[in-house]
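Asker:
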Amino acid sequence: MSTKTLSSSIDKCYHCGELCEDELVEFDEKPFCCNGCKMVYEILDENDLCNYYDLQNTPGINLKSRSYEQKYAYLDNVDIQKQLLNFSSDNLNKITFFIPVIHCSSCIWLLEHLDRLREGIIYSRVNFVRKEVVIDFNPSIISLKTIVELLTTIGYEPEINLQNASRTKAKKENRKLYLQVGVAGFGFGNIMLLSFPEYFGFEGLDHSVRTFITLVNIVISLPVVFFSASSYFVSAFKGLRQKYINIDVPITIGIIALFTRSLYEILSESGPGYLDSLAGLIFFLLIGKWFQSRTYESLSFERDYKSYFPLAVSRIRGAVSEMVQITELKESDLIEVRNQEIIPADAVLESKSASIDYSFVTGEADTVQKIEGDYIYAGGRQVGSTIQLRIKKEVSQSYLTQLWNNEAFSNESAFDPLIDKISKYFTVAVLFIAVSAAVYWYFVEPLHILNAFTAVLIVACPCALSLATPFTLGNVMTILGGHKLYLKHMSVIEKLWNITTIVFDKTGTLTQNEGAKITYHGMPLSEEENQFLASLVSNSTHPLSRVLTKHLSNKTVQSEIVDFKELEGQGVLGTIKGTEIAIGSATFVGGGQVESEVGSSVVHVKIGTYKGYYRIKSIFRNGLGNLINSLVEDHYKLIVLSGDNQSEEGNLRAIFGENSSFVFNQKPEQKLEYIKEMQHKGERVLMLGDGLNDAGALKQADVGYAVTEDVTAFTPACDAILYGQNLTELANYLSFTRLSKIIILISFTISFIYNLVGLALAVSAQITPLFAAILMPLSSITVVAFATFAVRLLAKRLKLV
Amino acid sequence: MTVIIILIIVSILVAAGFLAAFFWAVRSGQYDDTYSPSVRMLFDDKKKESKKNHVKD
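Order-wise, the sequence lines are chains A and B.
Per my numbering, residue 1 is the first one in the first sequence, and the count goes up by one each step.
Per my numbering, residue 1001 is the first one in the second sequence, and the count goes up by one each step.
Here's what the structure looks like:
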């Protein structure tokens, strides 16, 4: 076993690499940051799997805040098992898990040696790119639930939901594209090779050999045209049926013109045809398409509430409790929710008390205390003992999930890519030139009519044109990915070009989850006074009170507060043990004016007499001010859309300046409606949000960014996932995407110039197969090279690489 | 000159063989995950010795 990490990482957890600040567990002469990590080490050590630590230093996943006890009970339900298993028989089951935390070679190694950990697991195989593991197991020895619990114990918690099933479809599509590229490449290479004698004008070739070569060319070109290029025909046909000319229409015209003219020339023995150019064209087009299809397979951009909620929950009827799927829950059913489970529907608490963590919904990490009879919204997570709840609304009708019934979730907004806008005019222009050329030759030399007409269609085939967008945007996407801004698809970049308004959610997006820096200035407070304060603020829901509550969380809270009052915009007031306590603004408490600092709030304290004040330093992200300044300079309209109350408005105004708008107390649906209203006013909206309460707004907005601290964690459906720490770079990313449009336009111009040169020769009926065979790849390669280098150069200028 | 016809046929057959190999590779999923095989081949699989077989359940 390796000991090399020991010396270099005295207080770094041997398992997960986190600094052991709060706690240090020593085991086997190695430091661990928590018992969870130690336990994983123990399990691996016992089974001789410590190779895990040799492949990478500290590969483990931190287990501090996880508990899974009873969480997976629903996996014993046969119906649910059936939906999850890929294959099942008496002694062999197959299942695919999506495990977002897979990140290194040690992960692969451990997950592929699960069979050593438990009997009954037969085989396991990791797909690193998709972050999936396929497990074969014997259900008579080990249950599905045990496997999931085992995975969770060692830190690889799978994400289980019924949506994952749809992921396999995309895989099939991808494979077909690979095959199409393969066939086109095969055709391109071989036809070109066989055409070489023709290029160099080897007149010495036998007539029979020549005929043979051209016939072979035709045979090879058949699968290229009818298999590799088939998707272009389909797409062009679909477009035309909807009276819409997309870029595939001129491509299809070009392919057909090339193919029929070549066939005609070869069969009539009037020439060698253009089959080499044809295969080359299709090959390059497919490369562009492949580039375009690359996505972040391991990230999920399509999650709705179903992926947050458990698949099943235990329902209590009389004395029996049984697991039922949450879709079967009816009003007034009694359900049981255990520690760490999510409440699936709006319900009333039947147990004495509960503490609910709404971090999925609001992005805020604090738990909320509830008591018997309280109404609890779906989406919260119970922390602590098991509770019982009486369902008030069905799952799909609950406060939060109702959002998904909104039409924003059912219709994909129609979007015109730039290339399709151009292709309309392009196609018309090409047809016009082709017809004019034919008309001209009709009067001058009728023999050339067909020649000139088809030649125009051939050289005008927009191969280079259609490569410009995928290669420019593909490179932009890769560079942004390096900064942990993961776009769902490159079309998102085109939508970003037109953005006029940026809407921010507040909590979790503008604010940091780590919390505020708090300093106290004034007369020192005694232990009892601190307790008084803690008691008072713990009763207030104001965000600053919550921050203070957290700060004072180690103080005992006194329960009897008399005359508790919370005055909006001023402060909190109460009397404990006869002492009047007030905290809040200077005028309210009676303190002197304190020098104000941007991004910090001052809370004055009076316990009997005036004591001093707390300065609460910005809970907003560092560098937010600079970001806002740059965005304002770039003429974006900025709006903050928050579910919280106005209390932070002053601070926000200081950062955002006077021209921005602030809207508070917004419910999830109101957020969605607000965005819709903006769009009706003609604004193009970029929404940044995190929790589920922003899900509607993210979907409605032209572009929705989900902001998250952990890109593998839950994020609502969105167009892009942005790593929270990099939010302050947003302005830079936006200018990068904006400037990429210029690169595309220049690429278009380059390909137009090639087309014009070709056209000039085509209308004069001078084009030869050799010339076409050179022009086509040359134009494509120029455009691809230009797009790639220009994007890299731009990224360097903006200091993104 | 007919020898060139035979050569062409042979060369195309060889190329077709490679195309078939490519088809097989794609169909058997070798292009689905292009990262883990490169790591997997570096794992040295020590024989599992009889120390302790399984975690007690």
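Glycine residues also receive a C-beta, built at the ideal position from the N, C-alpha and C atoms.
In angstroms with no decimal places, state the Cα-to-Cα distance between A:A437 and A:M192.
Answerer: Taking the straight line joining both Cα atoms gives about 29 Å.
Asker: Just grab the DSSP bridge partners of A:G384 for me.
Answerer: Paired residue(s): none; A:G384 is not in a bridge.
Asker: Please report the straight-line C-alpha distance between A:E709 and A:S359, rounded to a whole angstrom.
Answerer: Approximately 12 Å between the Cα atoms of the pair.
Asker: Compute the distance between the beta-carbons of A:V784 and A:F283, then report whether it is under 8 Å.
Answerer: No. Outside cutoff.
Asker: May I have a chain-ordered list of the beta strand (DSSP E) segments no shorter than 3 residues that lie completely inside the segment 54–140 of chain A?
Answerer: Entirely contained in the segment 54–140 of chain A, the beta strand (DSSP E) runs reaching 3 residues are, in chain order, 85–88, 93–98, 121–127 and 132–137.
Asker: What does the alpha-carbon distance come out to for the pair A:T386 and A:N339?
Answerer: Each residue's alpha carbon lies about 6 Å from the other.
Asker: Go ahead and label A:N827 buried or exposed: buried means 16 or more other beta carbons lie within 10 angstroms of its beta carbon, across all protein chains shown.
Answerer: One cannot answer for residue 827 of chain A here, as it falls past the ends of chain A, which runs 1 to 801.
Asker: Quick check on A:S540: does DSSP put it in helix, strand or coil?
Answerer: Coil at A:S540, not helix or strand.
Asker: Can you name, in chain order, every residue of its own chain whose Cβ lies under 7 Å from the Cβ of A:K131, other than the five neighbours on each side?
Answerer: Excluding positions up to five away in sequence, the list reads F98, I99, P100, I102 and S298.
Asker: For B:V1014 and chain A, any beta-carbon pair shorter than 8 Å?
Answerer: So no, B:V1014 is outside the interface.
Asker: Who are A:T708's beta bridge partners in DSSP?
Answerer: BP columns for A:T708 point to A:Y723.
Asker: Restricting to Cα atoms, I'd like to know which of A:L389, A:N554 and A:F200 is closest to A:E527.
Answerer: Cα-wise, what sits closest to A:E527 is A:N554.
Asker: Are the C-beta atoms of A:I122 and some chain B residue less than 8 Å apart?
Answerer: No, no contact with chain B.
Asker: From the beta carbon of B:S1036, is the nearest beta carbon of chain A less than 8 Å away?
Answerer: Answer yes: the Cβ-Cβ gap between B:S1036 and chain A drops below 8 Å somewhere.
Asker: Quick one: which chain A residues come within Cβ less than 7 Å of B:I1005?
Answerer: Neighbours of B:I1005 on chain A, chain order: V209 and F212.
Asker: Our contact map puts A:I326 next to A:L349 with C-beta atoms below 8 Å; I'd like the distance itself, whole angstroms only.
Answerer: Not quite, the Cβ-Cβ distance comes to about 18 Å (not below 8 Å), so this is no contact.
Asker: For A:F128 and B:Y1035, what's the separation of their Cα atoms in angstroms?
Answerer: Distance between the alpha carbons of A:F128 and B:Y1035 is about 6 Å.
Asker: Give me the residue from A:W290, A:I342, A:E322 and A:H207 with the minimum Cα distance to A:Y308.
Answerer: Looking at the Cα atoms, A:I342 is the closest of the given residues.
Asker: Note down the Cα distance separating A:V547 from A:G584, rounded to an integer number of angstroms.
Answerer: The straight-line gap from Cα to Cα measures roughly 13 Å.
Asker: For the segment 96–130 of chain A, which residues have a CB atom closer than 9 Å to at least one CB atom of chain B, in sequence order?
Answerer: Cβ contacts with chain B come from C104, S105, I108, W109, E112, H113, R116, L117, R118, E119, R125, V126, N127, F128, V129 and R130.
Asker: Roughly how many angstroms separate the alpha carbons of A:A731 and A:D634, rounded to a whole number?
Answerer: Cα-Cα distance, rounded: 8 Å.
Asker: Please return the same chain residues whose Cβ sits closer than 8 Å to the Cβ of A:I493, not counting the five positions on each side in sequence.
Answerer: The answer, listed in chain order, is L473, V476, M477, L487, T737 and S740.
Asker: Against chain B, which members of the segment 247–275 of chain A pass a CB distance test of less than 7 Å?
Answerer: Going along the segment 247–275 of chain A in chain order, one finds no residue with a Cβ nearer than 7 Å to chain B.
Asker: Classify B:W1024: buried if its beta carbon has 16 or more other beta carbons within 10 angstroms, exposed otherwise.
Answerer: Exposed: under 16 other Cβ atoms inside 10 Å.
Asker: Where A:D76 and A:Q402 are concerned, what is the direct C-alpha to C-alpha distance, given to the nearest angstrom?
Answerer: Approximately 29 Å, taken between the alpha carbons.
Asker: Taking the alpha-carbon positions, what's the A:K424 to A:S231 distance?
Answerer: Roughly 19 Å between the two C-alpha positions.
Asker: Taking all protein chains shown into account, do 16 or more other C-beta atoms lie within 10 angstroms of the C-beta of A:D206, making it buried, or fewer, making it exposed?
Answerer: Answer is exposed; the Cβ neighbour count stays below 16.
Asker: Can you name, in chain order, every residue of its own chain whose Cβ lies under 8 Å from the Cβ of B:I1004, other than the five neighbours on each side?
Answerer: Hits under 8 Å: none found.
Asker: Would you say the segment 662–682 of chain A touches the segment 634–644 of chain A, given that touching needs at least three Cβ pairs under 8 Å?
Answerer: Yes, the segment 662–682 of chain A is in contact with the segment 634–644 of chain A.
Asker: Assuming A:L285 contacts A:I251 (C-beta within less than 8 Å), just tell me the rounded distance between them.
Answerer: The Cβ separation is near 7 Å, so the contact holds.
Asker: So, is A:Q83 buried or exposed, given that buried needs 16 or more other C-beta atoms within 10 angstroms?
Answerer: When all chains shown are included, A:Q83 counts as exposed.
Asker: At what residue ranges does the segment 563–643 of chain A contain a whole run of the beta strand (DSSP E), taking only runs of 3 or more?
Answerer: Whole beta strand (DSSP E) segments, 3+ residues: 571–576, 579–584, 600–607, 609–617 and 637–641.
Asker: Counting beta carbon pairs with one atom in the segment 1002–1021 of chain B and one in the segment 212–227 of chain A, are three or more of them shorter than 8 Å?
Answerer: Taking 8 Å as the limit for Cβ pairs, the verdict is that the segment 1002–1021 of chain B does touch the segment 212–227 of chain A.
Asker: Just mark A:T587 as buried or exposed, buried being the case when its beta carbon has 16 or more other beta carbons within 10 Å.
Answerer: A:T587 should be labelled exposed.
Asker: Please state the DSSP three-state secondary structure of A:K488.
Answerer: Reduced to three states, the DSSP call for A:K488 is coil.
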